[in-house]
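Heads up: the sequence shown is residues 47 to 133, going by the numbering used here.
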Amino acid sequence: RAYRNVGYLRRRFQGEENILVVSHGSFLSRLVACALRFPYPEHFNFSHENTGLTLVRYLIDNGHPHTKLGFLNDTSHLYRAGLVKGV
Numbered sequence: 047r048a049y050r051n052v053g054y055l056r057r058r059f060q061g062e063e064n065i066l067v068v069s070h071g072s073f074l075s076r077l078v079a080c081a082l083r084f085p086y087p088e089h090f091n092f093s094h095e096n097t098g099l100t101l102v103r104y105l106i107d108n109g110h111p112h113t114k115l116g117f118l119n120d121t122s123h124l125y126r127a128g129l130v131k132g133v
């Protein structure tokens, strides 16, 4: 399912659009692993906290597409908003 969704997103959004994907942690782990083209995405389990943000960028350099992970499970917005206290 994750491979199918990543393929759809790549075909549907080929410009410089920003896309928000909201889902549960297990599926997001697979989606990120598939987007980054990990060989066995089902073996990767990335931690996703509630409201954690992940940025995956699709780039084309000299005609060659590649994927870059900007950040994974970033919850700094909660600290900035004063919703949680730092450790």
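All residues carry an ideal CB built from backbone N, CA and C; glycine is no exception.
The structure presented is a predicted model; accordingly, all values stated were derived computationally and were not measured.
Beta-carbon proximity check, residue i vs residue j, cutoff 8 Å
| i | j | result |
| --- | --- | --- |
| Leu137 | His112 | Because the chain in this structure spans residues 47 to 133, residue 137 falls outside the shown range and cannot be described. |
| Gly116 | Arg103 | yes |
| Thr121 | Thr100 | no |
| Phe59 | Ser75 | no |
| Leu82 | Ala48 | no |
Own chain residues within Cβ distance below 6 Å of residue i, not counting five before or after
| i | result |
| --- | --- |
| Gly71 | His94 |
Continuous alpha helix (DSSP H) stretch holding residue i: start and end
| i | result |
| --- | --- |
| Leu124 | Ser122 to Arg126 |
| Tyr49 | Ala48 to Arg58 |
Continuous beta strand (DSSP E) stretch holding residue i: start and end
| i | result |
| --- | --- |
| Val130 | Where Val130 is concerned, there is no enclosing beta strand (DSSP E), given that its DSSP letter is neither H nor E. |
Own chain, CB closer than 8 Å to residue i, minus 5 neighbours either side, in chain order
| i | result |
| --- | --- |
| His123 | Thr97 and Leu99 |
Residue i beta carbon near the ligand HEM (any heavy atom closer than 7 Å)
| i | result |
| --- | --- |
| Tyr49 | Within the structure as shown, the ligand HEM is missing, as the structure has no ligands at all. |
Cutoff 7 Å; reference residue i; Cβ partners in own chain excluding five residues on either side
| i | result |
| --- | --- |
| Asn51 | Leu77 |
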